[in-house]
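Count along the sequence shown from 1, add 95, and you get the number used in my numbering. Notes follow the structure.
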Amino acid sequence: MMSAYIDFIRIRFLMMLAYRVNYYSGIVIYAINIGAYYFLWQAIYGDQKTLAGFTISQMTTYVAVSWMARAFYFNNLDREIANEIRDGSVAIQLIRPYSYLAVKMMQGFGEGIFRLFLFMAPGMVIVCLLFPVKLPTDPAVWGIYLVMLLFAFLINTQINMLTGLFAFFVENNEGMMRMKRVIVDLFSGVVVPIAFFPGWLSVTMKWLPFQAITYLPSSVFTGRTPLSEAGQVLGLQAIWFVVLLIPMALTWRAARNRLFVQGG
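Encoded structure:
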């Protein structure tokens with residue numbers, strides 16, 4: 096059975112490879128986004144050396160790494176699940192001898208691997224040539240960050256799958272998916288680092304999973320969070336991964352009892 100799940104990873108990777116030109120254009124778009132944020136933060140800093148604990152060098156690297164990490168963990172599994180629920184094809188998936196949610200996770204991982212090697216990696220090289228990004232030289236930082244990046248993918252994918260499963264209950268969750276995307280980008284720290292949030296909101300974020308997707312891993316990568324505290328970040332990510340399994344299981348159990356097919 097495990098080999099079947101691995102095949103889902105391979106098949107999704109090959110599917111993404113067929114449309115790789117779209118991702119080459121995506122590299123350009125992400126580079127433009129990073130450039131816009133770079134010049135914006137340059138203007139915000141002005142003559143100041145630090146803001147909210149970030150030096151201008153750390154902020155430049157944070158912006159680049161955060162956006163390129165998003166290129167890896169981003170996926171549209173919420174939309175895929177919602178579409179399969181609306182057109183009724185999910186009913187066929189349910190009678191097959193595998194876990195529907197596990198298959199979706201593997202498909203998302205296949206897409207993530209494609210994005211890692213053909214989007215994130217080349218995009219990061221281009222960004223480093225265009226902007227003064229300072230990458231860490233310690234191999235331990237790179238190794239730990241890769242593990243954090245994997246957890247970022249898992250947590251983001253869990254949130255996506257939860258959002259998609261709500262189509263069982265509301266039939267059309269398009270607005271919910273758009274709202275989720277904005278919330279994740281904002282509260283994960285892609286748009287603005289959480290350190291810049293007001294005190295009460297920054298405290299609230301500590302009780303939500305979003306910071307574990309981008310802000311905490313990128314803070315370790317840029318050196319704002321010492322390597323000695325990286326274990327705490329990994330622990331927090333692992334906790335959120337386990338915690339999010341609970342609402343996924345409950346939602347999936349309730350959804351299977353509610354399934355009805357529109358249009359036959």
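Glycine is no exception: its CB is placed at the ideal position from the N, C-alpha and C atoms. Owing to the predicted nature of the structure, the values given are computational and were not obtained by experimental measurement.
Query	Result
Length of the line joining the Cα atoms of Ala-186 and Ala-350	12 Å
Under 8 Å between C-beta atoms of Thr-317 and Gln-153	yes
Contact under 8 Å by Cβ, Val-286 with Asn-251	no
Residue ranges of each alpha helix (DSSP H) within the segment 208-276, 4 or longer	216-225, 234-260 and 262-265
Contact the segment 237-248 vs the segment 309-323: 3+ CB pairs below 8 Å	yes
Touching by the beta-carbon criterion (3+ pairs, under 8 Å), the segment 194-201 and the segment 96-107	yes
Reduced DSSP secondary structure (H/G/I, E/B, other) of Leu-146	strand
Whole-angstrom C-beta distance between Phe-305 and Gly-205, which should lie under 8 Å	Not a contact, Cβ separation roughly 24 Å.
Straight-line gap, Ile-139 to Cys-223 (C-alpha atoms, nearest Å)	21 Å
Alpha helix (DSSP H) segment containing Pro-312, residue limits	310-317
For Asn-352 and Gly-218, the rounded distance between their alpha carbons	44 Å
Selected residue, minimal CA-CA separation from Ala-262, among Met-110, Leu-213, Ile-180 and Trp-295	Ile-180
Cβ neighbour criterion (16 or more within 10 Å) applied to Arg-191	exposed
Beta carbon of Tyr-125 nearer than 8 Å to that of Pro-288	no
Buried or exposed by the 16-neighbour rule on C-beta atoms within 10 Å, applied to Ile-129	buried
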